Amino acid sequence: MRISFQGEIESLLAGIHILAKELAFEVGAGELAVTVQRREGELVVEKDHNSATICFEKEIHFFRGLGLLLEGIAKGETNFSIRELPQFKTNGAMFDCSRNAVMRLETVKSILRKMAIMGLDTLMLYTEDTYEISNRPYFGYLRGRYTYEELSQLDQYAAKLGIEIVPCIQTLGHLAQALKWEVMAEYRDNEDILLADTEQTYEFIEEMIRAATKPFRSKRIHIGMDEAHQLGLGRYLDLYGYQRRFEIMLRHLERVLAITKKYDLEPMIWSDMFFRLGSKTGDYYDLDSQIPEDVIAKIPQGVRFVYWDYYHKDKAFYQEWIKRHRSLGSEPIFAGGIWTWVGMCTNYGRTFLDTNAALEACKDEGVAEVFATLWNDDGGENNYYTSLLGLQLFAEHGYSRKLSEAKLKERFEFCNRASFDAFMDLKYFDEVPGTEPDNWEALNPSKYLLWQDPLFGLFDANVEGLPLSQHYSRLADKYRTWSQDERWGFLFTFYRSLATVLAKKADLGLRLSDYYQEGNQAALKGLVQKELPDLKEQVQLLRTKHRDLWHTTYRPFGWEVLDIRYGGLLSRIDTTLWRLEAYLAGSVDQIPELEEKKLSYDGGAGGRLVLENRYRRIATPSSVF
Numbered sequence: 009m010r011i012s013f014q015g016e017i018e019s020l021l022a023g024i025h026i027l028a029k030e031l032a033f034e035v036g037a038g039e040l041a042v043t044v045q046r047r048e049g050e051l052v053v054e055k056d057h058n059s060a061t062i063c064f065e066k067e068i069h070f071f072r073g074l075g076l077l078l079e080g081i082a083k084g085e086t087n088f089s090i091r092e093l094p095q096f097k098t099n100g101a102m103f104d105c106s107r108n109a110v111m112r113l114e115t116v117k118s119i120l121r122k123m124a125i126m127g128l129d130t131l132m133l134y135t136e137d138t139y140e141i142s143n144r145p146y147f148g149y150l151r152g153r154y155t156y157e158e159l160s161q162l163d164q165y166a167a168k169l170g171i172e173i174v175p176c177i178q179t180l181g182h183l184a185q186a187l188k189w190e191v192m193a194e195y196r197d198n199e200d201i202l203l204a205d206t207e208q209t210y211e212f213i214e215e216m217i218r219a220a221t222k223p224f225r226s227k228r229i230h231i232g233m234d235e236a237h238q239l240g241l242g243r244y245l246d247l248y249g250y251q252r253r254f255e256i257m258l259r260h261l262e263r264v265l266a267i268t269k270k271y272d273l274e275p276m277i278w279s280d281m282f283f284r285l286g287s288k289t290g291d292y293y294d295l296d297s298q299i300p301e302d303v304i305a306k307i308p309q310g311v312r313f314v315y316w317d318y319y320h321k322d323k324a325f326y327q328e329w330i331k332r333h334r335s336l337g338s339e340p341i342f343a344g345g346i347w348t349w350v351g352m353c354t355n356y357g358r359t360f361l362d363t364n365a366a367l368e369a370c371k372d373e374g375v376a377e378v379f380a381t382l383w384n385d386d387g388g389e390n391n392y393y394t395s396l397l398g399l400q401l402f403a404e405h406g407y408s409r410k411l412s413e414a415k416l417k418e419r420f421e422f423c424n425r426a427s428f429d430a431f432m433d434l435k436y437f438d439e440v441p442g443t444e445p446d447n448w449e450a451l452n453p454s455k456y457l458l459w460q461d462p463l464f465g466l467f468d469a470n471v472e473g474l475p476l477s478q479h480y481s482r483l484a485d486k487y488r489t490w491s492q493d494e495r496w497g498f499l500f501t502f503y504r505s506l507a508t509v510l511a512k513k514a515d516l517g518l519r520l521s522d523y524y525q526e527g528n529q530a531a532l533k534g535l536v537q538k539e540l541p542d543l544k545e546q547v548q549l550l551r552t553k554h555r556d557l558w559h560t561t562y563r564p565f566g567w568e569v570l571d572i573r574y575g576g577l578l579s580r581i582d583t584t585l586w587r588l589e590a591y592l593a594g595s596v597d598q599i600p601e602l603e604e605k606k607l608s609y610d611g612g613a614g615g616r617l618v619l620e621n622r623y624r625r626i627a628t629p630s631s632v633f
């Protein structure tokens with residue numbers, strides 16, 4: 009289809025040309041003439057035969073409107089009128105680029121194009137040490153850090169699509185990867201937290217802020233400061249003695265804000281430390297938490313607090329916490345979550361429950377700015393492309409007072425040229441027999457069943473009696489079709505392979521233990537001659553598929569962590585074969601690992617699934633340093 013544009017289009021043309029391929033149209037006189045008009049208020053998209061009108065306030069609204077126009081045409085509609093009222097001033101997503109998985113530039117651009125069509129206007133790149141600081145060669149060393157030129161290129165690309173890129177860094181905690189080098193020793197309070205109240209620390213923070221913001225036109229910056237649980241209790245304690253941690257926090261914040269003011273920046277920070285320090289339990293969401301009035305009075309002006317929460321499904325809880333944030337003296341920004349970080353795939357059951365409650369609360373309470381967070385805990389095993397349905401969920405909440413699930417599905421399939429069901433059904437890797445509907449507890453059997461040692465079977469007691477092998481076999485069949493998708497086969501071939509491995513491995517340890525205890529040598533020979541070699545072959549294939557997917561999406565740095573995990577699993581399968589062969593040959597009269605009684609991983613009842621997202625705890629009960 010050829011489309012001509014007239015009206016207020018000068019600032020939009022570059023973005024229109026970028027999206028032409030994505031939306032399968034050509035720019036020029038032809039089948040459809042679109043009049044473009046900028047005005048405050050509603051996004052309006054109207055079509056009457058061969059002409060159309062898009063009225064919009066912000067550039068991002070236009071690009072969403074262009075998508076809505078072409079979606080209507082794709083449905084075969086000749087005449088239609090769509091009106092949407094944006095619910096938020098800003099709406100976007102924060103991508104974790106610090107936990108090994110640093111996105112390739114083309115991946116970021118691909119996501120930016122999809123965000124534009126969805127109508128999301130903010131991209132936050134969370135970089136602890138994965139951006140370049142001149143004269144600091146160890147900062148982000150071998151971690152896939154972005155250069156100034158690369159970040160500037162992304163900023164220019166995003167701006168053409170009406171999207172603001174906001175740098176997100178850390179200026180207190182979560183800096184273990186930067187601080188681990190001996191050349192950084194003078195800045196350490198402990199392994200994860202900067203040493204507050206020392207001049208050299210603030211000189212270093214200024215370097216970080218200058219380097220992180222220089223590539224971007226945005227004046228906004230997220231300066232972090234969350235989860236600094238041991239603030240003032242490491243080297244700080246030795247140097248200055250014990251001090252009230254509220255006071256350390258306030259002094260540190262004031263010093264960092266002085267730097268942001270110097271560069272004319274608009275800072276925001278995570279809010280949790282203020283609530284944690286006011287709680288006797290250290291809990292962020294403690295209803296009994298009390299922030300002293302004198303502390304509130306001393307909070308410096310000119311900083312916004314970000315309320316992050318993806319742990320509640322009760323709208324009333326979010327409403328209460330929004331009100332508590334307002335008591336800190338500024339209008340809060342809300343950060344929800346797309347559950348990308350617990351294992352091998354995105355938990356969409358939990359994502360939908362949390363997000364629907366949270367964003368309804370934000371709309372009811374008049375919160376103007378929201379974004380989704382996507383974290384990469386424990387190695388980045390999941391792939392960011394699985395998050396697209398979650399981004400669409402945030403987008404559709406952003407343009408309607410009440411979410412329509414039917415519209416969400418239609419919009420997702422148009423914006424991403426993907427099957428809604430294929431993405432939604434990723435949740436069934438962890439929402440298995442033995443979990444509640446929507447997997448509210450975020451149990452993650454796909455991760456620990458993949459990585460657990462076949463001889464130790466550390467989680468075997470937890471899955472005993474559950475038909476997980478059959479469950480994963482059905483899932484493998486389902487993803488066989490989706491793995492052939494022209495656009496998304498590169499993603500779903502991995503998940504088909506994962507389901508295949510889990511079907512073979514889910515009850516392997518249980519059967520191995522049972523055969524051994526029963527003295528069933530025929531069954532043990534079957535494992536040695538057929539099942540374990542087949543499993544090894546499927547794990548090798550899975551590793552190859554995962555490697556292909558990683559290098560398609562991310563920079564190579566960080567893949568070595570998963571390579572080591574796959575190598576460990578393959579080695580343990582080899583050792584299991586070796587041990588069984590020796591036992592069957594009579595070279596050893598017992599296998600001590602199989603003599604041990606199977607205990608539940610968490611000390612609870614057998615057949616109870618758990619959440620465990622730490623590979624080092626999954627792989628072995630022995631010490632890992």
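If you use this note's numbering, the sequence shown corresponds to residues 9 to 633, in order. Using N, Cα and C, we set each Cβ at its ideal position, and we do this for glycine too. Because the structure is a prediction, the values reported are computed rather than measured.
>> Please classify H559 as buried or exposed, where buried requires at least 16 neighbouring CB atoms within 10 angstroms.
In response: As a working mapping, residue 559 is identified with position 551 in the sequence shown. By the neighbour-count criterion, in which a residue is buried when 16 or more other Cβ atoms sit within 10 angstroms of its Cβ, H559 is exposed.
>> Among the candidates K323, E601, L602 and A627, whose CA atom is the shortest distance from the CA of S579?
In response: Start at 1 with the first residue of the sequence shown, and residue 579 comes out as number 571. Distance check between S579 and each of K323, E601, L602 and A627 places A627 closest, using alpha-carbon atoms only.
> What are the complete alpha helix (DSSP H) segments, minimum 4 residues, inside the stretch 512 to 559?
Replying inline: Listed in chain order, they are 516 to 526 and 529 to 534.
> Helix or strand or just coil, what does DSSP make of M276?
Replying inline: The count along the sequence shown starts at 1 and reaches residue 276 at position 268. Here M276 sits in strand by DSSP.
> Just the Cα atoms here: how many angstroms apart are Y200 and D137?
Replying inline: The residue given as residue 200 occupies position 192 in the sequence shown. The residue given as residue 137 occupies position 129 in the sequence shown. The sequence shown places Asp at residue 200, not Tyr. So the two alpha carbons sit approximately 12 Å from each other.
> Can you tell me whether W490 is buried or exposed, with buried defined as 16 or more other CB within 10 angstroms of its CB?
Replying inline: Position 482 of the sequence shown, counting from 1, holds the residue named residue 490. Buried, by the Cβ-count rule.
>> So, under 8 Å CB-CB, S408 and I346 are touching, yes? Tell me the CB distance rounded to an integer number of Å.
In response: Start at 1 with the first residue of the sequence shown, and residue 408 comes out as number 400. Start at 1 with the first residue of the sequence shown, and residue 346 comes out as number 338. 19 Å between Cβ atoms; not a contact.
> With DSSP run on the structure shown, which of helix, strand or coil describes M111?
Replying inline: As a working mapping, residue 111 is identified with position 103 in the sequence shown. In the structure shown, M111 falls within a strand segment according to DSSP collapsed to helix, strand and coil.
> Going by Cα to Cα distance, which pick from T86, R488, W586 and L466 is closest to G614?
Replying inline: Taking the first residue of the sequence shown as position 1, residue 614 is located at position 606. Comparing Cα-Cα distances from G614 to each of T86, R488, W586 and L466, the minimum goes to L466.
> On the premise that L557 lies in contact with F498, defined as a C-beta separation below 8 Å, what is that separation, rounded to the nearest angstrom?
Replying inline: As a first step, residue 498 is located in the sequence shown; it is residue number 490 there, counting from the start. As a first step, residue 557 is located in the sequence shown; it is residue number 549 there, counting from the start. About 7 Å separates the beta carbons of F498 and L557, which is inside the 8 Å limit, making them a contact pair.
>> Considering only their Cβ atoms, is the gap separating L159 from Y139 smaller than 8 Å?
In response: Numbered from its first residue, the sequence shown carries residue 139 at position 131. Numbered from its first residue, the sequence shown carries residue 159 at position 151. Yes; because the gap between Cβ atoms is below 8 Å, this pair is in contact.
> My guess is that P275 and Y315 are in contact by the Cβ rule of under 8 Å, so how many angstroms apart are they, rounded?
Replying inline: Translated into positions along the sequence shown, residue 275 becomes position 267. Translated into positions along the sequence shown, residue 315 becomes position 307. In fact, because the Cβ distance is near 16 Å, the residues do not count as touching under 8 Å.
>> Quick check on the DSSP output: the alpha helix (DSSP H) that includes H260 runs from which residue to which?
In response: Walking along the sequence shown from the start, residue 260 turns up at place 252. Unbroken alpha helix (DSSP H) run through H260: R253 to K270.
> Could you give the C-beta distance for I62 and V42, rounded to a whole number, given that I count them as a contact under 8 Å?
Replying inline: As a position in the sequence shown, residue 62 is number 54, starting the count at 1. As a position in the sequence shown, residue 42 is number 34, starting the count at 1. The pair is a contact, with the Cβ atoms about 6 Å apart (cut-off 8 Å).
> Leaving out the 5 sequence neighbours to the left and right, which residues in its chain are closer than 6 Å to K553 when beta-carbon positions are compared?
Replying inline: Stepping through the sequence shown from its first residue, residue 553 is reached at position 545. Counting only Cβ-Cβ distances below 6 Å, and skipping sequence neighbours, we find T501, F502 and S505.
>> Suppose the cutoff is 6 Å on Cβ atoms and the five residues either side in sequence are ignored; what does the same chain contact list for T155 look like?
In response: Counting from one through the sequence shown, the residue named residue 155 turns up at place 147. Excluding positions up to five away in sequence, the list reads E140.
>> Rounded to whole angstroms, what is the Cα-Cα separation between G351 and D104?
In response: As a first step, residue 351 is located in the sequence shown; it is residue number 343 there, counting from the start. As a first step, residue 104 is located in the sequence shown; it is residue number 96 there, counting from the start. Cα-Cα distance, rounded: 15 Å.
>> Spatial neighbours of K331 within its chain, please: C-beta separation below 8 Å, excluding the five flanking residues on both sides.
In response: By one-based count along the sequence shown, residue 331 stands at place 323. Excluding positions up to five away in sequence, the list reads E373.
> Cβ of D302 versus every heavy atom of the ligand ATP: is any distance shorter than 7 Å?
Replying inline: Absence of the ligand ATP from the depicted structure is noted, as is the absence of any ligand whatsoever, leaving it without description.
> In the structure shown, what three-state DSSP assignment does M132 receive?
Replying inline: By one-based count along the sequence shown, residue 132 stands at place 124. When DSSP states are grouped into helix, strand and coil, M132 belongs to the strand group.
> Considering only residues of the same chain and omitting the five flanking positions on each side of H320, which have a CB-CB separation below 8 Å?
Replying inline: Here residue 320 corresponds to residue number 312 of the sequence shown, with the count starting at 1. If we look at H320 and ignore the five residues flanking it on each side, its Cβ neighbours are Y293, Y326, D362, A365 and A366.
>> In the DSSP output, which residue or residues are listed as bridge partners for I341?
In response: As a working note, residue 341 is residue 333 in the sequence shown. In the DSSP secondary-structure assignment, I341 is bridged to V314.
>> Tell me the rounded alpha-carbon separation between I581 and W459.
In response: Position 573 of the sequence shown holds residue 581. Position 451 of the sequence shown holds residue 459. Answer to the nearest angstrom: the Cα atoms are 11 Å apart.
>> Please give the ranges of any alpha helix (DSSP H) in the stretch 475 to 513, keeping only runs that are unbroken, at least 4 residues long and fully inside the region.
In response: Uninterrupted alpha helix (DSSP H) stretches at least 4 residues long and entirely within the stretch 475 to 513 occur at 476 to 490 and 497 to 513, given in chain order.
> The alpha helix (DSSP H) spanning V596 covers which residue range?
Replying inline: The residue labelled residue 596 in the question sits at position 588 within the sequence shown. Taken as a continuous stretch (DSSP letters only), V596 belongs to no alpha helix (DSSP H), as it is neither H nor E.
> Does the stretch 43 to 54 touch the stretch 193 to 207, meaning 3 or more C-beta pairs lie closer than 8 Å?
Replying inline: Below 8 Å, too few C-beta pairs join the stretch 193 to 207 and the stretch 43 to 54 to call them touching: fewer than three.
> With burial defined as no fewer than 16 other Cβ atoms inside 10 Å of the residue's Cβ, what is the status of V191: buried or exposed?
Replying inline: In the sequence shown, the residue the question calls residue 191 occupies position 183. So V191 counts as exposed.
> For the stretch 174 to 230, which segments carrying the beta strand (DSSP E) assignment without a break, of at least 3 residues, lie completely within its bounds, in sequence order?
Replying inline: DSSP runs (the beta strand (DSSP E)) wholly in the stretch 174 to 230: 228 to 230.
> If you drop the 5 nearest sequence neighbours on each side, which residues of the same chain put their C-beta closer than 6 Å to that of A184?
Replying inline: In the sequence shown, the residue the question calls residue 184 occupies position 176. So the qualifying residues of the chain are E199 and D200.
> Across which residues does DSSP place E7 in a beta bridge pair?
Replying inline: Examination of residue 7 is not possible in this model, given that the chain is present from 9 through 633 alone.
>> Rounding to the nearest angstrom, what Cα-Cα distance links T348 and L180 in this structure?
In response: Numbered from 1 along the sequence shown, position 340 holds the residue referred to as residue 348. Numbered from 1 along the sequence shown, position 172 holds the residue referred to as residue 180. Distance from the CA atom of T348 to the CA atom of L180, rounded to whole angstroms, is 25 Å.
>> Tell me the DSSP secondary structure of A124 in three-state form.
In response: Within the sequence shown, the letter at position 116 stands for residue 124. Residue state, collapsed to three classes: helix.
> Starting from I330 and walking both ways along the alpha helix (DSSP H), at which residues does that stretch end?
Replying inline: If you number the sequence shown from 1, residue 330 lands on position 322. Where I330 is concerned, the enclosing alpha helix (DSSP H) starts and stops at K323 to R334.
> Between F212 and the rest of its own chain, which residues show a CB-CB distance below 6 Å, the 5 nearest in sequence each way excluded?
Replying inline: The residue given as residue 212 occupies position 204 in the sequence shown. Here the set comprises Y195.
>> Give me, in chain order, the residues of the same chain whose beta-carbon lies closer than 7 Å to that of A450; leave out the 5 immediate sequence neighbours on both sides.
In response: For the purposes of this step, residue 450 is identified with residue 442 of the sequence shown, where counting begins at 1. So the qualifying residues of the chain are W347, V350, N355, R358 and L619.
>> What does the alpha-carbon distance come out to for the pair E172 and E67?
In response: The count along the sequence shown starts at 1 and reaches residue 172 at position 164. The count along the sequence shown starts at 1 and reaches residue 67 at position 59. Taking the straight line joining both Cα atoms gives about 11 Å.
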